[in-house]
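A short worksheet on the structure shown next.
In structure tokens form, the structure reads like this:
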């Protein structure tokens, strides 16, 4: 039984306000597989308060888009490293066949993380380009920066060029979706070749992905 | 006196299921100027069912043909512009010299704009292997206020019809006669029956019946935050889409390096337009403490230019408020301002001299207002300006954002760049910098308790669309 006894609030693992717990039941064994805190209104109050001040007075909304993109990218990479673990947990918790958890449930989130930060990068580049075209004078200014000023004030990052284009991204997504549905329908019982798949997405190579095709 | 004894349902003028009527009062004379039916939930049922029956074929009508109907409505309204302007000046009390432009011109523009948009809108796009199509949201309930009665009606009805929705309108019972004329124009334009329906009556009766009706897909509401909350609460029961455009307490920041002689009178004009009965009115004027005396003088001088009087008199700068209820509420706010220690620079709670009849209020300016006073926190909806001093630009931005509302605002600074920088830090849906002019195509709507969604232009149109993804 896994025991999680902390909540993640304000960037830290903190003790909940009460000792109440929720049991997580495996849908296939009916056993208790984990215990988690049953958060109370007081916990939510704390979490909302830090989110509120994080938005109103914190750094995050003021960050240059490249910095936010870089953070999401770090998030995506850390997530990717634990893809297999995530798939197993999801299967344990809600019973999705492991083949689908490996190919669908777990990597879908990774794809969203990637897709989002890349489209942000693309939009940002568009903004920077249009602002450069107007000869914006806001670049030279001050310390306290508004969200838009940051966008205009910084040069376009090379993030976009490093990334797949949006179109290629779309194709990749479509391709992966095909694979998911295919493997799920055709071979629900089969153990997927997870190692190979991980290699494939890790290298973001279309040829690598092809290897997982059943 | 105007007597309107029927409702427009399913392409015909029909009697209400009830027999009650409501009086419409002329705000300058306090006399009954018209009577209208007090509609019932049964009337709403009939109207919604008609709209629901008409939906499929209206949605399937080519968009450019729907646009052509809107163009006919624009032409019909243009032909009756003077009559409608007269009616609205009686109902609302806006000086007749301004009514035709603000109260009739804007609706005509909105109809023409939506006629063009229906014809040119790109209804689908491709995203990867998906065809993403935009479709009309369905039957729309439109609930509108009295302050810009026809414009608020058209801001909902025009984009809804252009998008392919059918409509049940409940206009304000305080200023409803203009909506009866609009319904006649709809009839003359030959819209298919059931596409546009109008039921007059009271908010808690017919407004709530619209919000509760299971065949209504979306409610677009403009009015008070209190009533909007109620609408949203009722709509939650059937998961209706809602757009809400509600109150405001907008800040007009005048910075140290701004041109005071231009900024202050413009700010006073913004605050007093339509006797202050404007949700986006810049009612909090934030000024550098060091310039307070100068600002007070300029504001008092500007206020003196707003001579209250008969709205049909060409020299009148400030008409009456719309109703006795509204006048009494505003008077109470002025008294509260004095009690809470604000400095009365101009005006006051008493009726303007010689204007004891009619719902008149003196153009009023308070100074030394602190942002925690009632007059700085609550929407007054009258010609009452609160001047609030600040000591730094940072403090000005904090004060501007320290409000439950977020509908509008202004910034005046020495340069456009500086003004825009400050505008970007305001949590509000619209900001006019250095007197930037009104743009009817720009999205309008609120942050925070000022509302959900946007009206006007392309954004306003898309409020009436659903999005469907088709994977191939």
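Residue numbers (my numbering), protein chains in the order written: chain A, 542 to 755; chain B, 28 to 499. Note that beta-carbon positions come from the ideal geometry of N, C-alpha and C, so glycine has one too. In this text, all values refer to a predicted model and were calculated from it rather than measured experimentally.
With a threshold of 16 other beta carbon atoms within 10 Å, residue 633 (chain A) meets it and is buried.
CA-to-CA, the gap between residue 306 (chain B) and residue 276 (chain B) works out to about 8 Å.
For residue 245 (chain B), there is no enclosing alpha helix (DSSP H); the enclosing beta strand (DSSP E) covers residues 245–249. Closest in alpha carbon position to residue 490 (chain B), among B:112, B:93 and B:183, is B:183. Of the candidates B:196, B:303, B:401 and B:319, B:319 places its Cα closest to the Cα of residue 291 (chain B).
In this structure residue 482 (chain B) touches residue 272 (chain B) by the C-beta definition: roughly 6 Å separates them, less than 8 Å. Check the Cα spacing between residue 282 (chain B) and each of B:325, B:350 and B:418: the tightest is with B:418. In chain order, 96 place their CB closer than 6 Å to the CB of residue 218 (chain B), counting only its own chain and leaving out the 5 sequence neighbours on each side.
In this structure, residue 411 (chain B) places its C-beta atom within 7 Å of the C-beta atom of residue 391 (chain B). Inclusion of residue 130 (chain B) and residue 196 (chain B) in the CB contact set at 7 Å is not warranted, their separation being larger than that value. In the displayed model, residue 486 (chain B) falls within a helix according to three-state DSSP. Residue pairing by DSSP puts residue 225 (chain B) in a beta bridge opposite B:35 and B:196. For residue 143 (chain B), the closest alpha carbon among the candidates B:175, B:93 and B:171 is that of B:93. According to DSSP, residue pairing for residue 576 (chain A) in a beta bridge involves A:544 and A:564. Here the C-alpha atom of residue 568 (chain A) lies approximately 60 Å from the C-alpha atom of residue 444 (chain B). Going by beta carbons, residue 189 (chain B) and residue 141 (chain B) fall inside the 7 Å limit. Between the C-alpha atoms of residue 128 (chain B) and residue 250 (chain B) there is a straight-line separation of about 22 Å. The three-state secondary structure of residue 50 (chain B), taken from DSSP, is strand. Residue 231 (chain B) is classed as exposed because its beta carbon has fewer than 16 other beta carbons within 10 Å across all chains shown. Under DSSP, residue 495 (chain B) shares a beta bridge with B:160. Around the beta-carbon of residue 636 (chain A), fewer than 16 other beta-carbon atoms lie within 10 Å, marking it exposed. Cβ contact annotation for residue 370 (chain B) (same chain, cutoff 6 Å, sequence separation greater than five): 394 and 395, in chain order.
Excluding residues up to 5 positions away in sequence, 97, 98 and 101 lie with their Cβ nearer than 8 Å to the Cβ of residue 139 (chain B) in the same chain. By the Cβ-count criterion, residue 343 (chain B) is buried, with 16 or more other Cβ atoms from all chains shown falling within 10 Å of its own Cβ.
According to DSSP, residue 413 (chain B) shares a beta bridge with B:311 and B:393. Taking a C-beta distance under 7 Å as the contact criterion, residue 285 (chain B) and residue 187 (chain B) do not qualify as a contact pair. The C-alpha of residue 476 (chain B) lies about 33 Å from the C-alpha of residue 152 (chain B). DSSP places residue 237 (chain B) within a helical segment (H, G or I) once states are collapsed to three.
For the segment 619–650 of chain A, there is no continuous beta strand (DSSP E) assignment of 3+ residues that stays within its boundaries. DSSP places residue 382 (chain B) in no alpha helix (DSSP H); its state is neither H nor E. The beta carbon of residue 107 (chain B) lies closer than 8 Å to those of 208 and 212 in the same chain, with the five residues before and after it left out.
The C-beta of residue 118 (chain B) has 16 or more other C-beta atoms within 10 Å across all chains shown, which makes the residue buried. Rounded to whole angstroms, the Cβ separation of residue 550 (chain A) and residue 565 (chain A) is 20 Å, and the two are not in contact under 8 Å. Rounded to the nearest whole angstrom, the C-alpha separation of residue 349 (chain B) and residue 120 (chain B) is 6 Å. Looking at the DSSP output, residue 268 (chain B) shares a beta bridge with B:245. For residue 152 (chain B), the three-state secondary structure derived from DSSP is strand.
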